[in-house]
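Residue numbers (the numbering used here), protein chains in the order written: chain A, 3 to 322; chain B, 185 to 431.
Where is the CB? At the ideal position from N, CA and C, for every residue including glycine.
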Amino acid sequence: MSVLIFIDQADGQIKKSSLEAAAYGAKVAEQSGTSAEAIVLGNITDDLTSLGKYGIKKVHTVKDSKLNSLDAQLFTKVIAQAATTTGATVIVLSNNFAGKSVAPRLSVKLKAGLVSGAIALPDTTKGFVVKKSVFSGKAFANIAINTPIKIISLSPNSYSFTAGTGSAEVADFAATIDAPKVQVTATNKVTGEIPLSEAELVVSGGRGLKGPENWGIVLDLAKALGAATACSRPVADADWRPHHEHVGQTGLAIAPNLYIAIGISGAIQHLAGVNRSKVIVVINKDPEAPFFKAADYGIVGDAFEVVPKITAAVKKLKGI
Amino acid sequence: MKILVCISKTPDTTAKIAFTDNNTKFASDGVQWIINPYDEWYALVRAIELKEAAADTVIHLITVATADSEPIIRKALALGGDEAIRVNADSHDSFYIASQIAAIAKEGAYDIIFTGKETIDYNGSSIAGMVAELLDMPYISLATKFDIAGTEATINREIEGGEETDKVALPVVVSCQKGVAEQRIPNMKGIMGARTKPLKVVEPAAVEALTSITSFDLPPAKAGVKLISADTPEELVRLLHDEAKVI
Ligand SMILES: Cc1cc2nc3c(=O)[nH]c(=O)nc-3n(C[C@H](O)[C@H](O)[C@H](O)COP(=O)(O)OP(=O)(O)OC[C@H]3O[C@@H](n4cnc5c(N)ncnc54)[C@H](O)[C@@H]3O)c2cc1C
Chain A
3 MSVLIFIDQA DGQIKKSSLE AAAYGAKVAE QSGTSAEAIV LGNITDDLTS
53 LGKYGIKKVH TVKDSKLNSL DAQLFTKVIA QAATTTGATV IVLSNNFAGK
103 SVAPRLSVKL KAGLVSGAIA LPDTTKGFVV KKSVFSGKAF ANIAINTPIK
153 IISLSPNSYS FTAGTGSAEV ADFAATIDAP KVQVTATNKV TGEIPLSEAE
203 LVVSGGRGLK GPENWGIVLD LAKALGAATA CSRPVADADW RPHHEHVGQT
253 GLAIAPNLYI AIGISGAIQH LAGVNRSKVI VVINKDPEAP FFKAADYGIV
303 GDAFEVVPKI TAAVKKLKGI
Chain B
185 MKILVCISKT PDTTAKIAFT DNNTKFASDG VQWIINPYDE WYALVRAIEL
235 KEAAADTVIH LITVATADSE PIIRKALALG GDEAIRVNAD SHDSFYIASQ
285 IAAIAKEGAY DIIFTGKETI DYNGSSIAGM VAELLDMPYI SLATKFDIAG
335 TEATINREIE GGEETDKVAL PVVVSCQKGV AEQRIPNMKG IMGARTKPLK
385 VVEPAAVEAL TSITSFDLPP AKAGVKLISA DTPEELVRLL HDEAKVI
């Protein structure tokens with residue numbers, strides 16, 4: 003018996019969201035008195051023994067270059083083989099982009115019930131019940147998985163964890179690997195920036211900033227904080243900012259530790275993507291802006307005056 | 185070319201979210217229903233665009249839902265699509281729903297199966313991947329661009345901080361989001377035409393659900409906003425550091 007965690011990588015490096023899944027899976031293993039094992043696909047440059055710091059006892063690697071990019075069908079077959087070999091009763095993945103492709107397939111392949119986007123550890127006092135966010139963050143559902151094997155995909159930034167000590171055993175896993183059907187011909191991503199979906203701190207701008215030429219104040223604050231940047235839908239629609247920054251009901255849903263909204267009114271569809279943030283700060287010149295009702299801290303004022311002062315204070319705090 | 189578009193009904197984005205029956209059922213009284221935005225704006229519109237580009241394209245819509253979803257299906261037909269299939273079932277288990285769709289899809293031999301990236305009510309993002317596995321087809325999730333040339337599709341999908349371009353031979357299952365197409369409004373001709381388009385109702389295949397919802401909760405109410413004067417923004421930084429401890 004084991005809890006098997008799928009560890010996802012990009013360019014040979016383990017994604018932060020997968021470390022979170024590892025720590026979560028290790029906790030599930032501890033709860034059920036089994037051991038946490040991980041499966042890693044493709045060629046990795048990171049030191050895999052360090053997964054021991056997150057509670058992983060054994061890492062199974064399949065170092066085949068066919069697995070360096072995502073082909074969900076292929077990944078599913080290999081993970082399913084590992085699940086069978088390790089006798090996994092629970093499989094944990096991050097509900098990140100790869101997880102969203104793989105987890106549903108794995109659910110079918112293993113006839114294992116899936117809760118996608120879990121936000122808490124399973125409750126095993128009565129069956130196996132996992133909490134997830136539904137109605138775009140406006141409610142939670144508790145979902146019972148009624149199959150012998152259970153699959154949980156963990157919503158990024160939902161489980162707080164710290165690295166401990168420990169070293170995992172690493173072993174090659176011999177898997178049958180088919181020819182991939184999906185050919186990745188290009189990747190186009192921002193480098194040197196924190197991906198929004200993994201960011202703990204986010205600074206976001208709305209239509210109140212009037213135009214793309216004014217984004218400097220948002221970028222400066224984000225840089226001082228080490229935060230990712232986001233925006234409201236009309237901002238992305240007007241191409242003031244790239245589409246992948248659009249958060250909300252029809253954009254990315256995020257749950258950072260801190261979300262700073264600048265010149266965003268707080269429409270219900272915007273809130274749907276950010277309402278699981280732990281702390282929300284709103285900066286808006288209109289005291290009646292609906293966003294203040296969802297905020298923890300607020301400043302009623304002109305962003306162009308207030309934000310540079312906040313940036314200066316952050317720099318002072320950090321000594322930069 | 186045959187395209188199957190999966191359609192789901194969801195509460196309007198501004199609907200009040202509440203629960204009844206001891207927090208086990210969504211309180212649907214007075215709720216305005218819409219086509220799940222991702223299904224309508226992106227999956228369906230892209231299918232219509234492909235038909236506009238190649239007239240011999242056939243578009244079928246499928247929904248797994250009870251009869252009260254028919255106004256939503258008619259609205260989808262008003263936008264485009266040749267006929268609709270409703271599998272007469274009421275379920276919140278992704279595997280159950282995906283199995284119904286796969287059963288129909290198997291008979292239809294579709295080249296492309298489109299879904300939205302997720303439904304805005306249960307936010308599962310699972311149906312498309314499950315359908316693909318049930319049909320042993322490749323699946324590209326969270327597409328932002330979809331093009332075909334002959335029997336090959338070129339698809340951009342979202343990844344952390346950007347996009348990746350994938351090439352894959354048809355048939356393929358794709359979940360669609362922003363970028364794939366632009367939202368359209370049905371016109372009068374479409375609305376009139378939709379009334380007479382075939383809407384076939386079939387009974388569900390016997391499938392066992394893998395999960396069940398035991399209850400719902402609402403998030404705890406916020407304590408209320410702490411306002412800081414615009415004259416002392418540095419106070420905000422102090423509070424975020426000392427009180428909230430997030431920076
Ligand atoms: C089905 C549907 C889905 C949607 N999905 C999304 C979504 O995913 N994400 C999303 O964001 N929206 C979404 N929307 C749109 C949403 O309803 C709002 O229209 C949008 O969020 C408003 O963006 P905004 O706050 O940037 O702009 P506005 O509503 O125009 O607000 C601008 C704010 O800036 C303030 N302001 C102006 N000048 C200054 C200044 N100098 N300093 C400080 N503040 C200033 C104003 O007081 C105002 O509050 C959706 C809508 C629908 C119908």
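Through-space distance from residue j to residue i, alpha-carbon basis
i, j, result
"A:Lys17", "A:Val237", "28 Å"
"A:Asp241", "B:Ala353", "32 Å"
"A:Asp239", "A:Ser19", "28 Å"
"A:Val117", "B:Arg270", "25 Å"
"A:Thr47", "A:Ile154", "27 Å"
"B:Thr448", "B:Ile339", "An answer regarding residue 448 of chain B cannot be provided, because it is not within the stretch 185 to 431 covered by chain B."
"A:Asn286", "A:Ser267", "8 Å"
"A:Pro158", "A:Ala146", "21 Å"
"B:Ser309", "A:Lys102", "7 Å"
Cβ-heavy atom distance, residue i to ligand 1, below 6 Å
i, result
"A:Asp304", "yes"
"A:Ile266", "yes"
"A:Arg235", "yes"
"B:Gln184", "Since the first and last residues shown for chain B are 185 and 431, residue 184 of chain B lies out of range."
"A:Asp1", "Not covered by the structure: residue 1 of chain A. The range shown for chain A is 3 to 322."
"A:Gly210", "yes"
"A:His272", "yes"
"A:Ala232", "no"
"A:Gln83", "no"
"A:Gly253", "yes"
"B:Ala260", "no"
"A:Thr313", "no"
"A:Ala291", "yes"
"B:Thr194", "no"
"A:Gly330", "Because chain A in this structure spans residues 3 to 322, residue 330 of chain A falls outside the shown range and cannot be described."
"B:Thr197", "yes"
"B:Ala227", "no"
Where residue i falls: helix, strand or coil (DSSP)
i, result
"A:Asn97", "coil"
"A:Trp242", "coil"
"A:Ile282", "strand"
"A:Gly119", "strand"
"A:Lys1", "In the structure as shown, chain A starts at 3 and stops at 322, and residue 1 of chain A therefore has no counterpart that could be examined."
"B:Thr398", "strand"
"A:Asp125", "strand"
"A:Ser19", "helix"
"A:Leu43", "strand"
"A:Thr88", "helix"
"B:Tyr323", "strand"
"B:Phe210", "strand"
"A:Tyr299", "strand"
"A:Glu32", "helix"
"B:Gln284", "helix"
Within chain B, the residues that residue i reaches when beta carbons sit closer than 8 Å
i, result
"A:His272", "Under the 8 Å cutoff, chain B gives no residues; its nearest Cβ is about 10 Å from A:His272."
"A:Thr78", "Glu317"
"A:Asn190", "Gly346, Glu347, Glu348 and Thr349"
"A:Thr164", "Correct list: empty, because the minimum Cβ distance to chain B is about 14 Å."
"A:Asp298", "Lys406, Ala407, Val409, Lys410 and Ala428"
Interface partners of residue i on chain A, CB under 8 Å
i, result
"B:Ala414", "Ile301, Val302, Gly303, Asp304, Glu307 and Val308"
"B:Phe400", "Val136, Ala141, Phe142, Ala143 and Asn144"
Closer than 9 Å at the beta carbon, the chain B residues around residue i
i, result
"A:Leu116", "Ser278, Phe279, Gly308, Ser310, Met314, Leu394 and Thr395"
"A:Pro197", "Ile343, Glu344, Gly345 and Gly346"
"A:Asp13", "Simply none; closest approach about 11 Å."
"A:Ile312", "Pro417, Glu418, Leu420 and Val421"
is_contact[residue i, chain D] using C-beta, thresh 7 Å
i, result
"A:Gln185", "No chain D appears in this structure, whose protein chains are A and B."
DSSP bridge partner residues for residue i (one or two, in chain order)
i, result
"A:Leu156", "A:Ser96 and A:Ala120"
"B:Ser270", "The displayed chain sequence assigns Arg, not Ser, to residue 270 of chain B. The partner list for B:Arg270 (beta bridge, DSSP) reads B:Thr247 and B:Val385."
"B:Asn340", "B:Lys329 and B:Thr349"
"A:Pro292", "Paired residues: none, contrary to the question."
"A:Gly207", "A:Cys233 and A:Ile264"
"A:Ile147", "B:Thr395"
"A:His248", "A:Cys233"
"B:Thr380", "Note: B:Thr380 sits in no beta bridge, so no partner."
"A:Leu6", "A:Glu39 and A:Ile93"
"A:Val136", "A:Ala141"
"B:Trp217", "B:Pro195"
Under 7 Å from the C-beta of residue i: neighbouring residues of chain A
i, result
"B:Ile304", "Ser138 and Gln251"
Under 9 Å by beta carbon: chain A residues contacting residue i
i, result
"B:Leu228", "Those within 9 Å of B:Leu228 in chain A number zero; the least Cβ separation is about 15 Å."
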